[in-house]
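S.K.: I have a structure here, written as structure tokens, and I will follow up with some questions on it.
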Amino acid sequence: MKFNHISFPSCDVDATASFFVRHLGCTASAFGTTQILKRHDFDIVVEDAEDRVVHWPENFHIGFELPSAADVLALYEAFKAAGVVFETEVIQHVRGSRFFCQIPGGVGVEINTREDAAEAFRASFGRA
Numbered sequence: 001m002k003f004n005h006i007s008f009p010s011c012d013v014d015a016t017a018s019f020f021v022r023h024l025g026c027t028a029s030a031f032g033t034t035q036i037l038k039r040h041d042f043d044i045v046v047e048d049a050e051d052r053v054v055h056w057p058e059n060f061h062i063g064f065e066l067p068s069a070a071d072v073l074a075l076y077e078a079f080k081a082a083g084v085v086f087e088t089e090v091i092q093h094v095r096g097s098r099f100f101c102q103i104p105g106g107v108g109v110e111i112n113t114r115e116d117a118a119e120a121f122r123a124s125f126g127r128a
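Encoded structure:
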């Protein structure tokens, strides 16, 4: 089985979609008031929730893995320059360097790498 997509609501679909295009290399196409963001291996569907309040569980987030700790730090600095709201700074963690932020629309995002993770955490589902 292959992961196909994630779909979530946003109170500002255009700003959420623009973030993914600008910072995470997605391409976007509109489907009514929804934006469909394409990546090489999965899609992100951002649904319009402008007319309602979206409540996220406290620890809900989506994660993106980068090849190296240097890449994580570079993206952190790019996000910082763009005024992204951070929940953490870059954290050195047993499962690899990472940081957490909030993107437009209120979605939590984790950016991480396994390059500097302890050996037990270096494998992922795609590379055992």
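If you count the sequence shown from 1, position 92 lands on 92 in UniProt numbering, and the numbers rise without skipping. Note that CB positions come from ideal geometry on N, CA and C, so glycine has one too.
1) Straight-line CA distance for residue 64 to residue 31?
2) What's the call for residue 128, buried or exposed, on a 16-neighbour Cβ count within 10 Å?
3) Just to confirm before moving on: does the CB-CB distance between residue 109 and residue 36 stay below 8 Å?
4) Given a cut-off of 8 Å, decide if residue 111 and residue 72 are closer than it, judged by their beta-carbon atoms.
5) Within 10 angstroms of its Cβ, does residue 88 collect 16 or more other Cβ (buried), or is it exposed?
6) Answer yes if the stretch 92-102 comes into contact with the stretch 46-53, meaning at least three C-beta pairs across the two stretches below 8 Å, and no otherwise.
7) Does DSSP put residue 22 in a helix, a strand or coil?
8) Count the other CB atoms within 10 Å of the CB of residue 120; is the residue buried (16 or more) or exposed (fewer)?
9) Which class does residue 128 belong to by DSSP, given the choice of helix, strand or coil?
10) Would the beta-carbon of residue 17 be found less than 7 Å away from any heavy atom of the ligand NAD?
11) On the DSSP letters alone, give me the boundaries of the beta strand (DSSP E) that residue 47 sits inside.
M.R.: Per the coordinate set shown:
1) So the alpha carbons of these two residues sit roughly 24 Å apart.
2) Reliability fails at residue 128, whose pLDDT of 47 lies under 50, so the model's placement of it is uncertain and the value that follows must be treated cautiously. Around the Cβ of residue 128, a 10 Å sphere holds fewer than 16 other Cβ atoms; the residue is exposed.
3) Taking 8 Å as the cut-off, the Cβ atoms of residue 109 and residue 36 do not count as close.
4) Yes, the Cβ-Cβ distance between residue 72 and residue 111 is below 8 Å.
5) Answer is exposed; the Cβ neighbour count stays below 16.
6) Because the criterion of three Cβ pairs below 8 Å is not met, the stretch 46-53 and the stretch 92-102 do not touch.
7) Correct three-state label for residue 22: helix.
8) Counting the other CB atoms within 10 Å of its CB gives residue 120 a total below 16, which places it among the exposed residues.
9) The predicted model places residue 128 with a pLDDT of 47, which falls under 50 and marks its position as unreliable, so this point remains unresolved.
10) The ligand NAD is not part of this structure, which contains no ligands at all.
11) According to the DSSP assignment, residue 47 belongs to the beta strand (DSSP E) that extends over 43-48.
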